[in-house]
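Written below as structure tokens is the structure these notes are about.
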Amino acid sequence: MAWLGWHVGQREQRVLAAGGQQLPLWSWEILASILIYVMVSALRWQTSWDYNMYYNHYVAMQSLGEYSRENFEPGFSLVTHVMSKAGMHFAFYFAFWALVQIVLIFYALRQRKVLLPWLALCIFLGPYYIFWMGFVRQSVVEALFVVMVEFIVRRKFWWYLLLSLVAVSIHKMCVLFIPLYFVPLIPTGKLNNRWLPFALIALCIALGSFPQWIKWAFDRIGQFAEVLGYGHYHRLFASHNLEYAFRSVIGPARLMPLISCLAMIWFYPAIKEMFNGDRYLSAIYRFSIVYMGYINLFANTTQYLARPGELMRTCFVFMLCYLLYYLWKKRQWLPFAVVAMCNFYYVFYELYKAYSIGGSIYMPELYHTFLL
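Sequential numbering of the sequence shown, starting at 69, is according to this note's numbering.
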């Protein structure tokens, strides 16, 4: 996929230099990339944490005619119901959601094809593919959000709101998309420099080191947590149960994205200049900072509290692609090597843990296929 992305990017640059138009989304390289992504995703077996849940619900719908879980959102339930009633193999079910996800991502980058090789490397060598394969509903709305960012840039609020409602029908947490519309619109004036995002990230790390403050916040959030599907955690904190607030170590999985974020903050002014002040880039950058701040704010709590921030995860991936492309083009080899190492190590690190500690919690990190 990285080679195909490089090939279509180079071909488009030659066409543009000759006075032609941008290549369409259905270029053969992109279609081949989509086919690869969908096939690998469809054939997976017990890969990633929530695979068994989605598999069991789909098979139960086929055999029993009803869900074994009642709180799936209506849009997601409709697709599951139609495909299961049609007797489709579960591989086609997982293929469908992978297709939706990758098409949305490629559509968002249709005018930025030079980023496609870096996208493939970040997805498959970083932690993102294994996450997206587990959190199926969330992965789809994450991909939808990077398309919706275009409507923010173009000030198309009603189209943005419509897509937000579509996203809510897949994952109820997407009600948070509505306030996110205003993030790129907040004026920063003279404060728009490197030190403001540096300070924001540092503040979030400091607050995230003492998660007991979350109970204070949950006491004031009240029933809004129920709307987002987080009523369980609201009741835990409201009852003075701090089971989900703990101090964790800072390992590679948290440290490497943080280093990448600091690099993108430092090089952002130069990246913005290279892309001629692209407003989409500016919006993606802001969401990346908010994402990294949020993740560090809840780093010492249950993973479920980090889920709302992960809605912006694909924005962070896009910003990594911008950063890697800039460093490569400008031949800044030392920072490029650092950022590449931070983002291309994960799959090898996790596979090593899964192999060396067999039969442990790392087993979902292994890549299996139902054909074998």
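No residue lacks a Cβ here, since even glycine has one placed at the ideal position from N, Cα and C.
Note that the structure is a prediction, hence the values are computed from the model and not measured.
Buried versus exposed, by CB contacts within 10 Å (16 or more), residue i
| i | result |
| --- | --- |
| residue 105 | buried |
| residue 425 | exposed |
| residue 399 | exposed |
| residue 163 | buried |
| residue 265 | buried |
| residue 259 | Only weak support is given to the placement of residue 259: the predicted model assigns it a pLDDT of 49, under 50, and the value that follows is read from those uncertain coordinates. Exposed: under 16 other Cβ atoms inside 10 Å. |
| residue 184 | buried |
| residue 160 | exposed |
| residue 115 | buried |
| residue 194 | buried |
| residue 339 | buried |
| residue 80 | buried |
| residue 364 | buried |
| residue 325 | buried |
| residue 381 | buried |
| residue 250 | exposed |
| residue 210 | buried |
| residue 157 | exposed |
| residue 238 | buried |
| residue 169 | buried |
| residue 85 | exposed |
| residue 416 | exposed |
| residue 223 | exposed |
| residue 101 | buried |
Residue from the options with nearest C-alpha to residue i
| i | options | result |
| --- | --- | --- |
| residue 368 | 348, 352 and 281 | 281 |
| residue 350 | 414, 230, 439 and 217 | 217 |
| residue 437 | 167, 247, 201 and 348 | 201 |
| residue 206 | 261, 141 and 189 | 141 |
| residue 447 | 221, 237, 421 and 117 | Given a span of 69 to 440 for the chain in the structure shown, any question on residue 447 remains unanswerable. |
| residue 375 | 256, 272, 362 and 386 | 362 |
| residue 203 | 109, 94 and 99 | 109 |
| residue 90 | 182, 238 and 409 | 182 |
| residue 267 | 333, 99, 155 and 196 | 333 |
| residue 246 | 238, 256 and 225 | 225 |
| residue 190 | 73, 422, 348 and 128 | 73 |
| residue 421 | 113, 126, 321 and 103 | 321 |
| residue 186 | 169, 388 and 406 | 388 |
| residue 219 | 274, 228 and 212 | 228 |
| residue 176 | 256, 124, 93 and 252 | 93 |
First and last residue of the uninterrupted alpha helix (DSSP H) at residue i
| i | result |
| --- | --- |
| residue 325 | 320-342 |
| residue 239 | Per DSSP, residue 239 belongs to no alpha helix (DSSP H) and is neither H nor E. |
| residue 130 | 119-132 |
| residue 165 | 158-176 |
| residue 402 | 401-411 |
| residue 78 | 70-85 |
| residue 151 | 142-153 |
| residue 424 | 414-424 |
| residue 387 | 381-397 |
Paired residues, beta bridge with residue i - DSSP
| i | result |
| --- | --- |
| residue 437 | 112 |
Closer than 6 angstroms: residue i CB and nearest the ligand FAD heavy atom
| i | result |
| --- | --- |
| residue 161 | The model on display carries no ligand, and the ligand FAD is accordingly not part of it. |
**Report entry** Segments assigned alpha helix (DSSP H), at least 4 residues, entirely inside the stretch 188-266
**Finding:** 196-202, 204-221, 225-236 and 245-248
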